[in-house]
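Take a look at the structure set out below.
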Amino acid sequence: MRALWVLAVLCLGACESGVVAVIGTERAYTVYGYLSPRADTQAVRVFAIDGTIDEIRPDPLDARVESVSLDTGQRHAWRDSVIQFAENNFGHVFWTRFTPAYGEQLRLSLTRPDGLAATVDIAMPPLAEPLLEAPTVSPGYVELPVLWHLAPRLNNVRVRYYTNKGRFDFDYGNVQRASPDGPIAAVLPHQDARTIFSEVFRTGGDTREVRLRRIEQFVLVSSANWAPPGNVFDPDLLIEPGHFSNVTNGFGFVGAGYEASFLYEVPDSIALAAGFFVD
Amino acid sequence: MSDLGRMLRVALASLVLICAASSATAQILRGFISDQATGEPLMGVNVALISNDGSLYGAATNLDGIYLVPRFPPGTYNLRITYIGYVTHLDTLTFAPQQTQVLDLAMEEATSRLGELVVEGDADDAMADVIAGLERIEPAAIERIPGPDVSGDLAAYIATLPGVILVGDQGGQFYVRGGEPTQNLVLLDGMLIYQPFHILSYYSAFPAEILRTVDLHAGGFGARYGGRISSVIEAWSRLGNNTGVAGSGSVSPFVAGAHAEGPITANGRFTFLASARQSLVERLAGPAINQSIPLQFGDQFAKLQGQISRNARLSVSGLHTYDRGRIGSEIARGVPTEVRWTNDALGARYLFLPGNLPILAEFMASYSYHAMELGPSEAPLRASTTGRINMEANLVHYSRRGDMRWGMFARTLTLTSELGGLYQELDLETEYVTEAGIYVAPELQINSELSVSPGLRVHHFPSKSALFWEPRFRAEWERGPDRVSVAAGLYHQEIVGINDRRDAASVFTAWAAVPIGSVPRAFHVLAGYNRVFRAGWQASADVYFKRMKNLYIAEWTARPRLTSRLQQANGRVYGLDLRMEYRRPRLGLFANYGLASVQYRAMQPELLDWFGSADYSFRPAHDRRHQLNLTASLEYREFIINARWQLGSGRPFNQALGFDGFLLMDGSRDVFTEPGERRVIYERPFNGILPTYHRLDLSVERTIVAGPAHIAAQISVINLYDRANIFYLDVFTLQRADQLPLLPSLGIKVDLG
């Protein structure tokens, strides 16, 4: 009986009590960024997939990053830079000097020392040409549709109003509508005029004397896949692994795009219809 | 208000009908039966009136020791009052028409007369005596469980029950048959206690010295109870000794405590009971094993009660508890997870037996307050307070074929939360909520073997314009040694406790009135079989099923630590509880086995790409599939030896694939300046299984008598073979926290009076 007791105690005491919390993944890296045909330096942020959530240390990341043009075969090796964002907060930015061509197809690969690699195929958007389509004008309502000819997609649409009272900026988000020739992003001066008048009034100006001179629309002409689900960049949604990702055997998103703008000299008839003062 | 008005009209009409019916009642015998030595009420005493022609009219005392025999013809009867372990009382009573007689009796314990120990057949503390999920827990059973303290505690006992899951020995979080801790209704003398267990889970707010009885309804509870969807723990404190002043004091490396009780008036009609405990674990037990146990807690309880007239009793109870400790992962870098909470409760209970009516009326008023904070005490990161004023009336109308139980209640709650960005959907600052309702629950004695209790509870939330109809049903069939019982019911919970159960060690809970979506509800159905064998054997089996809807769970997110959002999930629980016990005068052997399966199902569209489906189901952290408790209690010479061995299969936990980072690519972000944030890449929820849990606790106690004092010394060992049982694993830092290691303890308790 005593032997049985001792045996039971020994068996139970020796039972496996270890636990594995992080089981690892065969995915190589997580990478974020975008490539621009209007920049001479290209850069992406690279995260290793670590075993703990400890802060990233300022040690070099042992990754081989390379881009290759799928059109010309030209290769570029990317270099690591350790960036300090804040105290004890470092990050790895891989960069290289070259300017991709409009419409060029590229492949970015990030390879671990053990040979495991993550890759991203990136399609540079073609050079887009902004064209103002026929405005819709009626008293109190003005819509200025701007067609971005050949652009795959627009992101980060902003509008700036140049008036005699100063400049006023508006964020239009990703609002656009598709057309066979490219996306159309509309400007709504009558709607923005109310905000402008409110701001002028708040700063003690006379709202009856606000003259509109020019409107400038800024966009990020983007690759077609730079489109979030539901057309909303919701951080709580996009943080989920695998969501809005174009990285093969890895995580993250690498887009392509460039900033562009369209400047419009506003005729008196349109400024008047939108509610602005004209001489 | 129309619903509330309709409900009140129904209640008043019911009252009129019942009173009208009662007025037709003829002769009544009623009274109060207590223990002669202590004055404590005795529950379950059989009172029988036997006429000359052999007709039998009887009743049993309730938990207050009150009995009432209604509706019997005038005449002369032999009175027989019996209770196991006590001297039977015999008398002859003659009743004139319309006469009500009051017979109070202080029963004499048979042991004191016979000079021998009466254990066999005394089933008051039987562990296997379960009626469709309802177990009545007596202090004697609590004392049987070995613990680190010479005084017993309800928490240690409850942890041995099948179907009750304790995720660790810290945090005070009990899961009953798949339900969450915040879904348990815990009452002490009718007062709601929001956080009834201390931060060191061996201890509840209710030391054994103050307890008279505890009813644990693990499911299928009757219409009297509502507002929670899992279980009910209803504790009643003792009245206090009415024959003389008594008290006790105890000390161990874990806790020091004392209690006192006695009569306030010379005739013993008014008594008091008070207790206080203070933890010593941080100062004594921790250093003794060279390990930091940063936990502090304490509780104080006081009660005054009195028989204010022949027909009425009044009691006033108050409780204060506090807890403070560091549990779980760091909230932020270098900021430990210190959690603090307090409970305050004050309540009055008035019991009234109208002179000529076969009615027992209970009126209760109470105020419960709970406060909880997370983070440094000088600057808490999260805070939540809850205050509740409760008024209720419960009536029992006695008749020969059964009792009509019904009642009504009205409550108002103030809920305040400062969550600092936690649970983003919530706009919680201060909420005011009202509740009102009625219930009716007749207990019908169909024949000598079968009793049924259908019930209906109507629960109204005027402030939320919500009305719930909750049918309930309980039935019991008993023949000889066999008993079969079934229960079912529908339950809603409008005031919910919100927490982040992704982390099993997470204790912080904010209370709120249904913040999003629909009201959580549950349907219970269960059946039990109980058999008393010869020679001290008793066994029971309970099967149960719960379907739960609209539960609040933390949304699955790759954001680490305390950045939860809420979502609603459905769940189902099924299980089997088996209990067996063998009791002889000096030996008790108890075996409990629980088999359970808990599954939650939720819908989260953002998981579609990662998991391949937005609809996902998982086993929550408290889904312990198998649990076995073996308890032995042996009296050997002057020693009482108690041992308990627990075995629990591993609980689910969250495994991660790794950690990376996240940048929101919502435009032309400059990767040279954008810091981004860290991210955890989870596997599917709760996909990992923690190691099996098992532990052996042992205690040896000896009591010596020194004059008026009984001095008990106990040597106990927690975790005798020093098993490294995991409490939680910080998946972010890979730091593992284990439950308490081998921990010897010496406790001394002195009883006076």
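Note that the protein sequences, when read in sequence, are chains A and B.
For any residue, its number in the working numbering is found by taking its place in the first sequence, counting from 1, and adding 8.
For any residue, its number in the working numbering is found by taking its place in the second sequence, counting from 1, and adding 41.
Cβ atoms here follow ideal geometry from the backbone N, Cα and C, with glycine treated the same way.
Residues that residue i bridges to, as DSSP identifies them
i: B:Glu184; result: Paired residues: none, contrary to the question.
i: A:Ala264; result: A:Leu43
i: B:Met364; result: Looking at the sequence provided, one finds Asp at residue 364 of chain B rather than Met. Paired residue(s): B:Phe338 and B:Trp382.
i: B:Gly359; result: B:Ala343 and B:Leu387
i: B:Glu505; result: In the sequence on display, residue 505 of chain B carries Lys and not Glu. Looking at the DSSP assignment, B:Lys505 forms no beta bridge with any residue, so it has no partner.
i: B:Asp523; result: B:Arg520 and B:Arg572
i: A:Gln82; result: A:Gln82 pairs with nothing; no bridge assigned.
i: B:Ala434; result: B:Phe404 and B:Met449
i: A:Asn233; result: Answer is none; A:Asn233 lacks a bridge partner.
i: B:Tyr439; result: B:Asp444
i: B:Tyr71; result: Correcting the residue identity first, residue 71 of chain B is Arg in this sequence and not Tyr. Looking at the DSSP assignment, B:Arg71 forms a beta bridge with B:Leu109 and B:Val143.
i: B:Asn352; result: B:Asn352 pairs with nothing; no bridge assigned.
i: A:Ala194; result: A:Pro153
Nearest-angstrom beta carbon gap, residue j and residue i [assumed within contact, 8 Å]
i: A:Ala279; j: A:Leu220; result: 4 Å
i: B:Asn695; j: B:Gly729; result: 7 Å
i: A:Ala55; j: B:Asp701; result: Checking the sequence shown, residue 55 of chain A turns out to be Phe, not Ala. With 8 Å as the limit, A:Phe55 and B:Asp701 qualify as a contact, their Cβ atoms being about 4 Å apart.
i: B:Thr133; j: B:Leu120; result: 7 Å
Short Cβ contact (8 Å threshold) for residue i with residue j
i: B:Lys344; j: B:Ser356; result: yes
i: B:Arg390; j: B:Val143; result: no
i: B:Glu81; j: B:Leu401; result: no
i: B:Leu229; j: B:Phe215; result: no
i: B:Ala595; j: B:Tyr723; result: no
i: B:Ser658; j: B:Arg620; result: no
i: A:Ala264; j: A:Ile130; result: yes
i: B:Ala507; j: B:Val548; result: no
i: B:Arg777; j: B:Leu770; result: yes
i: B:Leu739; j: B:Pro189; result: no
i: B:Ala173; j: B:Gly288; result: no
i: B:Asp340; j: B:Arg318; result: yes
i: B:Gly443; j: B:Glu484; result: yes
i: B:Pro335; j: B:Arg367; result: yes
i: A:Val229; j: A:Leu162; result: yes
i: A:Leu152; j: A:Pro143; result: yes
i: B:Leu257; j: B:Ile183; result: no
i: B:Ala662; j: B:Val208; result: yes
i: A:Tyr272; j: A:Ile223; result: yes
i: B:Asn611; j: B:Leu630; result: no
Contacts around residue i, its chain only, beta-carbon distance under 8 Å, and the 5 residues preceding and following it disregarded
i: A:Thr60; result: Val30
i: A:Ser277; result: Val145
i: B:Glu490; result: Trp518, Glu519 and Arg520
i: A:His251; result: Pro237 and Leu245
Same chain, Cβ closer than 7 Å to residue i, five either side skipped, listed in chain order
i: B:Ala655; result: Met644, Gln645, Pro646, Leu648 and Leu649
i: A:Tyr180; result: Val165, Arg166, Val167 and Ala193
i: B:Gln348; result: Arg310 and Arg354
i: B:Arg154; result: Reliability of the predicted coordinates at B:Arg154 is poor, the pLDDT of 44 falling under 50, and no value is obtained from them.
i: A:His157; result: Ala136, Glu137, Leu139, Asp189 and Gly190
i: A:Glu112; result: Ser77, Asp79 and Met132
i: A:Pro121; result: Asp70
Contacting residues, own chain, Cβ-Cβ under 6 Å from residue i (five flanking each side not counted)
i: B:Asn87; result: Ala101 and Thr123
i: B:Thr117; result: Thr135
i: B:Arg625; result: Gly577
i: B:Ala434; result: Phe404, Gly448 and Met449
Near-chain B residues of the segment 223–249 of chain A - C-beta to any C-beta below 8 Å: For the segment 223–249 of chain A, residues whose beta-carbon sits nearer than 8 Å to a beta-carbon of chain B comprise Leu228, Trp234, Pro236, Phe241, Pro243, Asp244, Leu245, Leu246, Ile247, Glu248 and Pro249.
Return the residues of the segment 692–710 of chain B that lie within a Cβ-Cβ distance of less than 9 Å from chain A, sorted by chain order. Flagged, chain order: Phe694, Asn695, Gln696, Ala697, Leu698, Gly699, Phe700, Asp701, Gly702, Phe703, Leu704, Leu705, Met706, Asp707, Gly708, Ser709 and Arg710.
By the 7 Å beta-carbon criterion, what residues does the segment 647–666 of chain B contribute toward chain A? Hits within the stretch, in order: Glu647, Leu648, Asp650 and Trp651.
Give me the subset of the segment 570–600 of chain B whose CB atoms are less than 9 Å from a CB atom of chain A, sorted by chain position. Glu596, Trp597, Thr598, Ala599 and Arg600: these are the residues of the segment 570–600 of chain B whose beta carbon lies less than 9 Å from some beta carbon of chain A, given in chain order.
For the segment 760–781 of chain B, which residues have a beta carbon sitting closer than 9 Å to at least one beta carbon of chain A? The segment 760–781 of chain B vs chain A, Cβ under 9 Å: Leu761, Tyr762, Asp763, Arg764, Ala765, Asn766, Ile767, Leu770, Asp771, Val772, Phe773, Thr774, Leu775, Arg777 and Asp779.
Chain B contacts made by the segment 80–113 of chain A, where a contact means CB separation under 7 Å: Within the segment 80–113 of chain A, the qualifying residues are Ile91, Phe93, Ala94, Asn97, Gly99 and Val101.
Contact list for the segment 139–172 of chain A against chain B, Cβ threshold 7 Å: Answer set for the segment 139–172 of chain A: Asn163 and Asn164.
Which residues, taken in chain order from the segment 716–748 of chain B, show a beta carbon closer than 7 Å to some beta carbon of chain A? Against chain A - using a Cβ distance shorter than 7 Å - the residues of the segment 716–748 of chain B are Pro716, Gly717, Arg719, Arg720, Val721, Ile722, Glu724, Leu731, Pro732, Thr733 and His735.
Which residues of the segment 116–129 of chain A have a Cβ closer than 7 Å to any Cβ of chain B? Give them in chain order. Those would be none; no residue qualifies.
Near-chain B residues of the segment 46–62 of chain A (beta-carbon distance less than 8 Å), N- to C-terminal order: Residues of the segment 46–62 of chain A with a Cβ closer than 8 Å to any Cβ of chain B, in chain order: Ala51, Val52, Arg53, Phe55, Ala56, Ile57, Asp58, Gly59, Thr60, Ile61 and Asp62.
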